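S.K.: I'd like to ask some things about the structure below.
There are 2 protein chains.
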Amino acid sequence: MQATEIHDPHGAGLLLTLFVMLAAAKLLAELFERLRQPAVAGEILAGVLIGPACLDWVRPDDLTGALAGFGVMFLLFGVGLETKPSALLRVGRTATLVAVLGVVLPFAAGWGLMRIRNEPQVEALFVGAALVATSVGITARVLSGMGLLDSAAARIILGAAVIDDVLGLLVLAAVSSLAGGSANWLELGSTAALAIGFVLFVAFLGAPVVTRVAPRVGQLRAGNALFAVSVLLCLGLALAATAIGVAAIIGAFLAGLALAEATEHEHDLHQQVRGVTEFLTPFFLVNIGMQVKLDVFGNPSALSLALWMTLAAIITKFVGCGLGAAGLGLRGAAQVGAGMIPRGEVGIVVAQLGLGLGVVSDRIFAVVLFMAVATTMIAPPLIRPLFAGAKEPDGR
Amino acid sequence: MQATEIHDPHGAGLLLTLFVMLAAAKLLAELFERLRQPAVAGEILAGVLIGPACLDWVRPDDLTGALAGFGVMFLLFGVGLETKPSALLRVGRTATLVAVLGVVLPFAAGWGLMRIRNEPQVEALFVGAALVATSVGITARVLSGMGLLDSAAARIILGAAVIDDVLGLLVLAAVSSLAGGSANWLELGSTAALAIGFVLFVAFLGAPVVTRVAPRVGQLRAGNALFAVSVLLCLGLALAATAIGVAAIIGAFLAGLALAEATEHEHDLHQQVRGVTEFLTPFFLVNIGMQVKLDVFGNPSALSLALWMTLAAIITKFVGCGLGAAGLGLRGAAQVGAGMIPRGEVGIVVAQLGLGLGVVSDRIFAVVLFMAVATTMIAPPLIRPLFAGAKEPDGR
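The listed protein sequences derive, respectively, from chains A and G. For the first sequence, our numbering assigns the number 1 to the initial residue and increments by one for each residue that follows. For the second sequence, our numbering assigns the number 1001 to the initial residue and increments by one for each residue that follows.
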């Protein structure tokens, strides 16, 4: 009989998908913690296990993609809430240097590696662009779990990730318009101005505006208005960011930053946001693991390129960003360099764009996908020991 | 240029949908509160406004449906967390009487109304079944906002809603098998035994098991393990409930109930669950409003049937459930009767099932849809004044 469909014609399958993703994530997180490995790596591995690469229980689709997107968005929103804008602005100069060096070196390496192997020029430029953008979600998750978001290195990483994303947008816009035939410098200039203007405007004026408006939110009649207004600000700025071309997570991070000072003592608000984050973040991590495909291993030339590409992606970010943060000393520089390694969903999206424009082949897309997932999985085991002395880890 | 697609090829449209739904819900909630009307009614009306019936900005689809489903699931999970199982079991006898009378009268009325108008027998039985099942989410939301979940009437409503759902399942199973030609009594019996066994098992043994296991959760290494385990229990029991044929929200409510005593003093856990609930519940309410279609108004005979059906649905639940709770006195009986009126998503799903089996016509489906949405929208303005004297409302 149709018992399972009676109350819920579509929902039961979906519920099962979510349960499997969440249960696998939490089981492997616990296992990894017991093996003294980062929980984040366990949750990504859970995605590899249940995804198409191994058991094929769950396949990435629109819905898991949407949950993953909301997961990393709320993750960065929560990190922003814990970060004082003033503390971030204080490390602005170092963060800028870290971001610039962390863009130039990986781009050159990605482009050069492709050209050495006689791949087409435009495709090489796209791969360079895909190597540029750091996905800061993973690092933020590891450091937030260790209670180290307020360390100097963490603040530099967060600031550099914002600047890195704007630079990555400009690189990608330039490369995309080159793919179309010739660069439209006027359009590039306006894209740059908009993106930089948005980030500076929200970073500098967001907090003062929120601090002035916050007391009025308290006068609203609807229950729990502060939470509703905060979530709307997060969604609204994420939306504005994507409209301008910056990643949604940067908008969400800036929204958190704007709210950080005004809501510093709102314990319940922080816990409510944390609830949403804790619920959604595993879907982000598992979804990364589910992107793993094994077909690249069937092609020796693609596999060799993928391995070289991953190595180049790791070394150039580590060295580039580390150099930028040399003022922190050897250990601090290594912390910043390692924290900027993960490319995650941002690298994948860049390659997807090239695929859509017809300038990136399926083979090279698989190579970039490998690089994006590999850099993301390698980062947590590097980050944790580098930061471990700073404070006793609380189990993540 | 393709700026909006650069980092987020599919996500931006989705983000916009969510922002519009949430912003409309919160704006109308605030407006309704200022007009001294229930916020819940405002949030449903927001769905009518932005949905196909009016502005057509957002259409219900798989994703809004999924968010709505999770919204009402977490809403009931949160309500369960605030409800002591012992307090619920104490009102068991009254709740059973309320549920039984609240099933018999609406079923007879729905069936009778159809037969008077010479509609086919099987279709009449389906409409009767669609009038049976209360959707307790709306009432729970109103009472939780008023801080009245621990009142006697609220406890009876919650208990009756669980029993009502099991009875509704049995009515629907009987009607469905009649639609297939003849009733399979053996299968009906096993469905009944499974559903009743599941509810009794979780209601009586859930809390003791959780209380025994809870200390071990504290020994887990992964961060915030209590929240992760709670969410997994909610998803797991919701899944088990749908597998048995009971609504997912009943499983989620029972999961909350099982955790209520063990987590009574875990303030942060409650706030984290509240965060997820507050984030997702507006999608449930707005999604109900978005179901409103105006085509029933173009057909005078359908409109007259829809109005009579709605009236019958309201009166029979109010009188049936009120009679069952007569022991509470006139006011308490009226509170219980009004609280059981909303049919919401449960009534819609029953009619969808009949549509899928080919025994309910499009015209009658539109009539049931009207009844389900109308009973849901009418309930909050009835419930609030009936409960208002019990405690000063805090704004919802």
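Cβ coordinates follow ideal geometry from the N, Cα and C atoms, glycine included. As the structure is a computational prediction, the values presented were derived from the model and not from experiment.
1. Indicate whether the contact test is met: 3 or more Cβ pairs, each with one atom in the segment 1132–1143 of chain G and one in the segment 1034–1048 of chain G, closer than 8 Å.
2. Which of the residues in the segment 260–291 of chain A, read from start to end, lie with their CB under 9 Å from any CB of chain G?
3. Listing by chain order, which chain A residues have their CB less than 9 Å from the CB of F1227 of chain G?
4. Cβ of L294 of chain A versus every heavy atom of the ligand SAM: is any distance shorter than 8 Å?
5. Taking 6 Å as the limit between beta carbons, can you name the residues of its chain near A1039 of chain G, skipping five residues before and five after?
6. Check whether the segment 1045–1065 of chain G touches the segment 1120–1136 of chain G, counting contact only when three or more Cβ pairs, one atom from each stretch, lie closer than 8 Å.
7. Do V1246 of chain G and A1195 of chain G count as a contact pair if the criterion is CB distance below 9 Å?
8. Taking Cβ positions, are A1225 of chain G and K26 of chain A nearer each other than 9 Å?
9. At 8 Å on the CB atoms, spell out the chain G contacts of F19 of chain A, in chain order.
10. Under 8 Å by Cβ, that's how I've got F198 of chain A and A241 of chain A pegged, so tell me the actual separation to the nearest angstrom.
11. Identify the contact partners of E123 of chain A in chain G, using a Cβ-Cβ distance below 8 Å as the criterion.
12. Less than 6 Å between C-beta atoms, sequence neighbours within five positions excluded: which residues of the same chain meet that for G324 of chain A?
13. Count Cβ pairs between the segment 271–286 of chain A and the segment 66–79 of chain A that sit closer than 8 Å; are there 3 or more?
14. List, in chain order, every chain A residue whose beta-carbon is nearer than 9 Å to that of A1214 of chain G.
15. Pull up the CB-CB distance for L1239 of chain G and F19 of chain A, whole angstroms please, since I reckon it's below 8 Å.
16. For H270 of chain A, count neighbouring Cβ atoms within 10 angstroms of its own Cβ and tell me buried if that reaches 16, exposed if not.
17. Any C-beta of chain G sitting closer than 9 Å to the C-beta of G197 of chain A?
18. Give me, in chain order, the residues of the same chain whose beta-carbon lies closer than 6 Å to that of A326 of chain A; leave out the 5 immediate sequence neighbours on both sides.
19. Give me the Cβ distance between I1383 of chain G and G1339 of chain G, rounded to the nearest whole Å; I'm assuming they're in contact under 8 Å.
20. Going along chain G, which residues have a C-beta under 8 Å from L22 of chain A?
21. Once you ignore the five residues that flank S301 of chain A on each side, which residues in its own chain have a CB closer than 8 Å to its CB?
22. Return helix, strand or coil for R363 of chain A, following the three-state DSSP convention.
23. Taking DSSP as the reference, what is the three-state secondary structure of W308 of chain A?
24. Establish whether the CB of D150 of chain A and some CB of chain G are separated by less than 9 Å.
25. I want to verify the contact list: residues of chain G whose CB lies under 9 Å from the CB of R63 of chain A, in sequence order.
26. Is the distance from the Cβ of V367 of chain A to the Cβ of V319 of chain A below 9 Å?
27. To be precise: take each residue of the segment 79–107 of chain A, compare its Cβ to all Cβ atoms of chain G, and keep it if any distance is under 9 Å. Which residues remain?
28. How would you list, in chain order, the residues of chain A whose beta-carbon sits under 9 Å from the beta-carbon of T1316 of chain G?
29. Are any of the Cβ atoms in chain G nearer than 9 Å to that of G69 of chain A?
30. Spatial neighbours of P381 of chain A within its chain, please: CB distance less than 8 Å, with the 5 preceding and 5 following residues excluded, ordered by chain position.
31. For F1019 of chain G, which three-state DSSP category applies?
32. Provide the residue span of the alpha helix (DSSP H) that contains Q121 of chain A, from first to last.
33. A258 of chain A touches chain G at which residues, Cβ-Cβ below 9 Å?
34. How many angstroms separate the CA atom of P1385 of chain G from the CA atom of T1375 of chain G?
M.R.: On the basis of the data shown:
1. Enough Cβ pairs lie closer than 8 Å, so yes.
2. H267, D268, L269, H270, Q271, Q272, V273, R274, G275, V276, T277, E278, F279, L280, P282
3. R274, G275, E278, F279
4. What this structure holds is no ligand at all, so the ligand SAM is not there to describe.
5. A1029, F1032, E1033, R1396
6. Inter-segment contact for the segment 1045–1065 of chain G and the segment 1120–1136 of chain G is absent: fewer than three beta-carbon pairs are separated by less than 8 Å.
7. Yes, Cβ-Cβ distance for A1195 of chain G and V1246 of chain G is below 9 Å.
8. Cβ atoms of A1225 of chain G and K26 of chain A: closer than 9 Å.
9. L1232, L1235, G1236, L1239
10. At roughly 7 Å, the Cβ-Cβ gap stays under 8 Å, so F198 of chain A and A241 of chain A are in contact.
11. The contacting residues do not exist; E123 of chain A stays about 18 Å from chain G at best.
12. L97, V98, L101
13. yes
14. The premise fails here: A1214 of chain G is roughly 16 Å from chain A at the closest Cβ pair, so nothing lies under 9 Å.
15. 6 Å
16. buried
17. No - not a single Cβ of chain G is within 9 Å of the one on G197 of chain A.
18. A333
19. Going by Cβ atoms, the distance from I1383 of chain G to G1339 of chain G rounds to 6 Å, so yes, they are a contact pair.
20. A1228, V1231, L1232, L1235
21. none
22. helix
23. It is helical.
24. no
25. Per the sequence presented here, residue 63 of chain A reads as Leu, with Arg not at that position. Within 9 Å Cβ-Cβ: D1062, L1063, A1066.
26. Here V367 of chain A is not near V319 of chain A, since their CB atoms are 9 Å or more apart.
27. none
28. Chain A residues near T1316 of chain G: none, gap ~21 Å exceeds 9 Å.
29. yes
30. Excluding residues within five positions, the ones whose Cβ falls inside 8 Å are Q37, P38, A41.
31. helix
32. Per DSSP, the continuous alpha helix (DSSP H) segment holding Q121 of chain A begins and ends at 121–130.
33. Simply none; closest approach about 17 Å.
34. 17 Å
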